[in-house]
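**Student:**
Protein chains: 10
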Amino acid sequence: MTAPTRETLETFANPHPQRHYEIKTVCPEFTSVCPITGQPDFGTLTITYVPDQLCFELKSLKFYLQQYRNHGAFYEDVTNRILDDLVAVTQPRRMSIIADFTPRGGIRTSVTVTYPE
Amino acid sequence: MTAPTRETLETFANPHPQRHYEIKTVCPEFTSVCPITGQPDFGTLTITYVPDQLCFELKSLKFYLQQYRNHGAFYEDVTNRILDDLVAVTQPRRMSIIADFTPRGGIRTSVTVTYPE
Amino acid sequence: MTAPTRETLETFANPHPQRHYEIKTVCPEFTSVCPITGQPDFGTLTITYVPDQLCFELKSLKFYLQQYRNHGAFYEDVTNRILDDLVAVTQPRRMSIIADFTPRGGIRTSVTVTYPE
Amino acid sequence: MTAPTRETLETFANPHPQRHYEIKTVCPEFTSVCPITGQPDFGTLTITYVPDQLCFELKSLKFYLQQYRNHGAFYEDVTNRILDDLVAVTQPRRMSIIADFTPRGGIRTSVTVTYPE
Amino acid sequence: MTAPTRETLETFANPHPQRHYEIKTVCPEFTSVCPITGQPDFGTLTITYVPDQLCFELKSLKFYLQQYRNHGAFYEDVTNRILDDLVAVTQPRRMSIIADFTPRGGIRTSVTVTYPE
Amino acid sequence: MTAPTRETLETFANPHPQRHYEIKTVCPEFTSVCPITGQPDFGTLTITYVPDQLCFELKSLKFYLQQYRNHGAFYEDVTNRILDDLVAVTQPRRMSIIADFTPRGGIRTSVTVTYPE
Amino acid sequence: MTAPTRETLETFANPHPQRHYEIKTVCPEFTSVCPITGQPDFGTLTITYVPDQLCFELKSLKFYLQQYRNHGAFYEDVTNRILDDLVAVTQPRRMSIIADFTPRGGIRTSVTVTYPE
Amino acid sequence: MTAPTRETLETFANPHPQRHYEIKTVCPEFTSVCPITGQPDFGTLTITYVPDQLCFELKSLKFYLQQYRNHGAFYEDVTNRILDDLVAVTQPRRMSIIADFTPRGGIRTSVTVTYPE
Amino acid sequence: MTAPTRETLETFANPHPQRHYEIKTVCPEFTSVCPITGQPDFGTLTITYVPDQLCFELKSLKFYLQQYRNHGAFYEDVTNRILDDLVAVTQPRRMSIIADFTPRGGIRTSVTVTYPE
Amino acid sequence: MTAPTRETLETFANPHPQRHYEIKTVCPEFTSVCPITGQPDFGTLTITYVPDQLCFELKSLKFYLQQYRNHGAFYEDVTNRILDDLVAVTQPRRMSIIADFTPRGGIRTSVTVTYPE
C-alpha cells in the first residue's frame, strides 16, 4: 500500500475571498494503524481554518484521510502531517487541527496543532 | 423557481436604539439543495446581531430562509449570502452567522461569518 | 389589567456593600403575551448584577414579573424594559439580562441587554 | 410536482431469511409541507422491521422520502401512507414507524403506526 | 373570566380509522393558577391516544389549553378534567395524560390519568 | 427534638376517586442524620401512589419530611417508616417510595419499598 | 497478600423483615488486577437485593471489596465470587450484581449474575 | 486479503457453568468496507450472551473483528455472520448482537440478531 | 444552638508554597435555614483558591459548613461570611466562592464572591 | 513497596520540534492511598503540555502512575509531585495537570498545577 499523499486533496476557489471567515470540518471516522503493534487507532479530527483564495473540497478530504486507514503513524506525527498537507494545498490565512484519539490502556490523548503558530 | 431575494425581509424600528444590546436567533430548520447532486442539505443557522435603527421581523426571516428550500447553494456561499442580505436590510452595528450542517459522508461542516470583520 | 409597574419591586440593603460581588437569578417561568396575535410567549430570564447599596428582594421580583402574564410585549421591548426597571430600583454597579424565549415557527430568539453598556 | 410513489423503493433479497431478526433505520431529515398553510414540516422517522424475503435498499428509501419534500401531507396521514408503501414493497413479518415532528405553536407531536396491528 | 370549556376543541376525521395507531402530543407551555394562593403553576402535558373516528385538531388544542391560563385549578383536578374533555370530544379507543409540574417548595409532582382504566 | 410524627401530614379528598390514576411526587431535598456518627445524610425521595379516597397535601408533606432533618435514622429504616406513615394517613390503592441517597465512602445506596407488596 | 475473604463482611438485622423490599448499592470504585498481565482493572459494581433477615453493612462492604485491590481475578470469576460471598453472608430472598468494567483494547465488558437464577 | 474466519476466535472454560449469567461486550471500533462503493463503514457492536461451557476470549474477539477492516460486507450480512461465528465457537445458551452503524446520506441503521430466535 | 464559628476550621502547611497553584473544592450538601420563614435552604458551594502558606483541611471544612445546618442566614450574607472566614483562616493569595441555591418559587439564585476583589 | 520514581518514565524525540503544539493526555484510572486512613483515593489526571525536544511515551506514563496505587499521598502533594517528575523528564515548553478526585464525605476536590507559573 502506498503512503498517503496530498495530491488526493482538491480545492475550489473561495467564493468570498474578501471576507475573513471560518470553516470548521469535523471528521469522526479517522482511523490509522499503530506503526509498532499494527493495531488500528481511531480518532476524531476537527479542522478549523480561515480560507484565503482556496477551500478544500470535502469529498477529496474524505479520500485523503482514508489513505491513513492502513498506514502506520504515531498520534503526534499524523496530526502534524495532515496540517502540513492541508496548509500546503489550501494556503489558508490560519488553520488548526484537534485530533482526539480513543482510549488505549485506560488513557486517551488529543493533539492540537496550529498554523501559523 | 425564482432565486432567493432579500426583498422578502421586513424590519421594524429598534425600540431601544440608544442601547447597545444583542439579539440571537436560532433557526434549526434551514434546508437547501446541493447544486451538484441535487440532494437536500440541512442545517442550523445561529444569527447574532447588535441592532442599530432596525431589527428584522421573525416571520419575514422565516419566509426569507424558506426561499432556499429548493435553491442550489454551497455551504460557504449560502452562509455568506445570507449575511450580506441581513446586513443590507438591517444595517446592524455588528452581526455574525454560524451555520452548522448535518453530516455527509461521515463529515460535518460549519461556517462562521462576521460583519464587520 | 393595569400595565406592569416597577413599584412592585422591593429592595433590601446590600449586607456587604464594600465588596464587589455578583448575584445571578434565573427565572424560567416568565410569560407574557404577543401584542399582535394575543398568543402567550414563554421564556427564561437570567438576571446577573453587582449590587451597590441595594439588592432586589426575590419574592417581589416574582410578583413584578407576574405583571407581564397578561401584558402585551415584544421580546426586544420587554427585555429592555425589565432592565430599566431593575436598574432604576436597585442602582447596581452593573447588571445584565439574558432572555431566552421558546421556539415559534421553528425559530427561537434570545435578547441580551447590559447596564452600563 | 408529481405525488410520492412507492415505485421509487427498491429491495434486495434478505441474506438470512431463515432467521427472525430486526432492522432499525432512523431518518432525521424528513420534511414535507402542511397542506393548509403551505409551511414546511420537519421530522424524524424511525422505521423498525423484521424482514421476510425482502429488505428495502437504503438509497432508494432516501429518494422515496425526498418525494415528500414539496408534497402537502398531514402528520397522521403521511405516517400511515409511508407504512403502507413500505409494507407493500417489502412484505415484512412486522414493521413499525415512529414519526417525531418538530414543535409548532409550542406543541410537538409524534405518530406511531404498526403492521400488523 | 369564563371557565374552560371543551367547546373550543375541534376534531377532524381520522384518516386511517381501520388501523390501531397512536398519536402523542407534548405541550410544554401549560400554565394555570393555584386556586388558593393565586400564584401561577407551570407544567408539561403529554397526551397519548389511539384515535377511533376522530382526531383532535392541534391549533384548537392550543386554544383549549390557553383557557386555563388564568383559571384556578389543583394539579390532580385539572389533569382529570382535561382527560374528561378530550375523551368526550374525540371518543378515542384509549387515551392517557401525564402532567409534569415544575417544583414548588423543593417538591415536584406529576399526575398520570388513563382512559379507560 | 421530638421524633417525626405522621400527625403533621394532612390530606384532602381525592377529586376523582372513581378513576384509578397515579400521582408521583419527587422530593430532592430530604436530609436526616446518621444515628451512629451524627453526620447528615442527603437523598431524593420519589413517592408514587394511586389514591383511593384521600390525597396527601404537598405543603404538609414538606413539613412532615422536615421533621427528619435532625433525626437519627438508617437508610432502610427511614424509607420503610415514611411508607408506613403515608399509607396509614392516605390509605392508597398502592404506593411505592424510592429513596436515593448521596455517596458515602465512594458507595451510594437506594432503597425501594412498595405497598401492598 | 492474603486472598479476599467473606469474613470481612458484617451484617445487621433487617429492620423490616416482614416487607419484601429492595436495596441497591452502587460501588464505582472497584479495582482488581488482571491475573495474566498484572495490570489493574477498574469497574462499577451495582448490587441489588431483597433482604430476608440480614442486610450487609456498607462500611464492611467497602473493606470487603478493597481486598480485591491487589488480587488477580478475571471479570467473570470475580463477579460470580462476590455474589457467592454476599449470598452466603446475608441469605437474601434474591440478589443480582452488574459489574461494568472500563474499556481495554477498545472493548468494554459487563457481567450480570443473579441469585437464585 | 483473506476472508474473515472464525478460527481466530479463542475460548476459555466458563468458570461458573452451573449458573445462568450474562456477559455483555461492547465494541465501538468496528469497521468494514461497503462491497459496492469500497467506502469504509463504522459501527458499534454490542454482544450479549449467556455462556454454557465456553466464554470467548476478548483479545481474540478483537483480532476476529479486525479481519473485517478491509473486508466488503453489507450491514445485514455482516451482523448475521458474526452471530453465526460466535455461536459456532462458544455454543452459548443464548446470544444477541446489536450493530449500530454511523449515518450515511442522513440515514443511520442498526441490525439486531438473536440466537436462538 | 450556637452561631457558626471559624474556629472549627483547621489548616495544614501548603506542601508546595513556592508554586502558584489552584485548589477547587465542591460541596453539594450545604444547607441552612431561612431567617424569616424558618424553612431550610439547600445549595452547592464551589470554593476555589490559590494557597499561600496554608491549606484548609477538608474534614474540618465539612464540620465548619455543618454549623449552618440549623442557622438562619440569607443567601448573600452567608456566602460573604464563609469567604471572610476561609480567608481569615488560610490567608490565601486569592479565593472565590460560587454558591448555587436550589429553586424557590420558580426562581433560583447564585452568589459569587471573590478575594481580593 | 518502594516509592514512585520518575525513572519509570520514558521519552521519545518530538517529531515536530519546530512547531509549538499541544498534547493532552487524560488518565481516568489514577488511584493512590490516603496516608492517614490507608483508604484508597481515585481521580482523573488531565496532563496538557507543549513539548520541546521530548514527548513522554504513553505506556511508560501508565506504569509511572501505577506506582502510586499503594503509595500514601495527599491530593495537593501528589499532583505537584507528578508535575515535577514529568517536567524533569520531558523539559516541556509548558505543562499543566488538573487532578479531579472522587467525592469523600460529600465533598470533591480538584488541584490544578502549571509549569512555568
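Chains as they are written, first to last, in this note's numbering: chain E, 1 to 117; chain G, 118 to 234; chain B, 235 to 351; chain S, 352 to 468; chain C, 469 to 585; chain U, 586 to 702; chain R, 703 to 819; chain H, 820 to 936; chain Y, 937 to 1053; chain L, 1054 to 1170. We put the CB at the ideal spot given by N, CA and C, even for glycine.
What's the C-alpha gap between L747(R) and S798(R)?
**Tutor:** Cα to Cα, the separation comes out at about 10 Å.
**Student:** Which residues of chain R have a Cβ atom closer than 8 Å to the Cβ of E876(H), listed in chain order?
**Tutor:** Result: empty, since nearest Cβ-Cβ is about 10 Å, beyond 8 Å.
**Student:** Quick one: any contact between the segment 560-580 of chain C and the segment 539-548 of chain C, if contact means 3 or more CB pairs under 8 Å?
**Tutor:** Flag = yes, the segment 560-580 of chain C and the segment 539-548 of chain C touch.
**Student:** Which ranges would you report for the beta strand (DSSP E) in the segment 939-1006 of chain Y if only whole runs of at least 3 residues count?
**Tutor:** The qualifying runs are 947-949, 958-969, 976-986 and 990-992.
**Student:** Can you have a look at E1054(Y) and say buried or exposed, based on whether 16 or more other CB atoms are within 10 angstroms of its CB?
**Tutor:** The question about residue 1054(Y) has no answer, for chain Y in this structure spans 937 to 1053.
**Student:** In chain G, which residues lie less than 7 Å from T346(B) when you measure between Cβ atoms?
**Tutor:** Y138 and E139, listed in chain order.
**Student:** Residues in its own chain within less than 7 Å of E525(C) by CB, not counting five upstream and five downstream?
**Tutor:** Same-chain partners within the cutoff: E478, T479 and F480.
**Student:** If the cut is a Cβ gap below 9 Å, which residues of chain Y does F627(U) touch?
**Tutor:** In chain order: P964, E965, T967 and F978.
**Student:** Just to make sure I have the definition right: I need the residues of chain L whose C-beta is within less than 9 Å of the C-beta of Q768(R). Which are they?
**Tutor:** What Q768(R) touches in chain L: Q1092 and P1093.
**Student:** Indicate whether I608(U) and P636(U) have their beta-carbon atoms separated by less than 8 Å.
**Tutor:** Their beta carbons are under 8 Å apart, which means I608(U) touches P636(U) by this criterion.
**Student:** Roughly how many angstroms lie between the CA atoms of T733(R) and E848(H), to the nearest whole one?
**Tutor:** Taking the straight line from one Cα to the other gives about 25 Å.
**Student:** Which chain G residues sit within Cβ distance under 7 Å of R420(S)?
**Tutor:** Neighbours of R420(S) on chain G, chain order: P157.
**Student:** Less than 8 Å between the beta carbons of N950(Y) and L990(Y), yes or no?
**Tutor:** Yes. Within cutoff.
**Student:** Can you round the beta-carbon distance between V87(E) and Y115(E) to whole angstroms, since I take them to be within the 8 Å contact cut?
**Tutor:** The Cβ separation is near 5 Å, so the contact holds.
**Student:** Our contact map puts Q769(R) next to P706(R) with C-beta atoms below 8 Å; I'd like the distance itself, whole angstroms only.
**Tutor:** Contact flag correct, Cβ pair sits at about 4 Å.
**Student:** What is the residue span of the beta strand (DSSP E) that I916(H) lies within?
**Tutor:** Note, I916(H): beta strand (DSSP E), R913 to F920.
**Student:** According to DSSP, what are the bridge partners of R810(R)?
**Tutor:** According to DSSP, R810(R) bridges with V845(H).
**Student:** Leaving aside the five residues before and after D904(H) along the sequence, list all residues of the same chain whose C-beta is less than 7 Å from its C-beta, in chain order.
**Tutor:** Contacts found: R825 and L828.
**Student:** Let me know if G272(B) comes out buried or exposed under the rule of 16 or more other beta-carbons within 10 Å of its beta-carbon.
**Tutor:** Classification of G272(B): exposed, given that the 10 Å Cβ count is below 16.
**Student:** Can you tell me the Cβ-Cβ gap for L1118(L) and C1080(L), rounded? I've got them flagged as a contact below 8 Å.
**Tutor:** About 6 Å; that satisfies the 8 Å criterion.
**Student:** What residues of chain C sit near T1038(Y), judged by a beta carbon separation below 7 Å?
**Tutor:** The contacting residues are G574.
**Student:** Note down the Cα distance separating A333(B) from Y634(U), rounded to an integer number of angstroms.
**Tutor:** Roughly 38 Å between the two C-alpha positions.
**Student:** Does any residue of chain C bring its CB to less than 8 Å from the CB of P589(U)?
**Tutor:** P589(U) does not count as touching chain C.
**Student:** Since P625(U) and R1005(Y) should fall inside the 8 Å C-beta cutoff, what is the C-beta to C-beta distance between them, to a whole number of angstroms?
**Tutor:** Indeed they touch by this definition, with Cβ atoms about 7 Å apart.
**Student:** Which residue comes first and which comes last in the alpha helix (DSSP H) that contains M1141(L)?
**Tutor:** For clarity, residue 1141(L) is Ala in the given sequence; the question names Met instead. Per DSSP, A1141(L) belongs to the alpha helix (DSSP H) from Y1128 to T1143.
**Student:** For L763(R), decide whether its Cβ has a neighbour in chain U, counting only Cβ atoms nearer than 8 Å.
**Tutor:** At least one chain U Cβ lies under 8 Å of L763(R).
**Student:** Distance, Cα to Cα, T313(B) vs H20(E)?
**Tutor:** If I take the Cα positions, the gap works out to 32 Å.
**Student:** With 16 other CB atoms within 10 Å as the buried threshold, where does I972(Y) fall?
**Tutor:** Exposed: under 16 other Cβ atoms inside 10 Å.
**Student:** Going by the CB atoms, is the gap between F180(G) and F218(G) shorter than 8 Å?
**Tutor:** Going by C-beta atoms, F218(G) is not nearer than 8 Å to F180(G).
**Student:** Would you verify that the beta carbon of I895(H) is, or is not, closer than 8 Å to some beta carbon of chain S?
**Tutor:** According to the sequence displayed, residue 895(H) carries Glu and not Ile. For E895(H), the answer is yes, since a Cβ of chain S falls inside 8 Å of its Cβ.
**Student:** Closest to R328(B) by CA distance: which of I281(B), H305(B) and K293(B) is it?
**Tutor:** When each option's Cα is compared against that of R328(B), the closest is I281(B).
**Student:** Whose C-alpha, out of H422(S), E468(S) and K410(S), is nearest the C-alpha of T376(S)?
**Tutor:** When only C-alpha atoms are compared, the closest one is K410(S).
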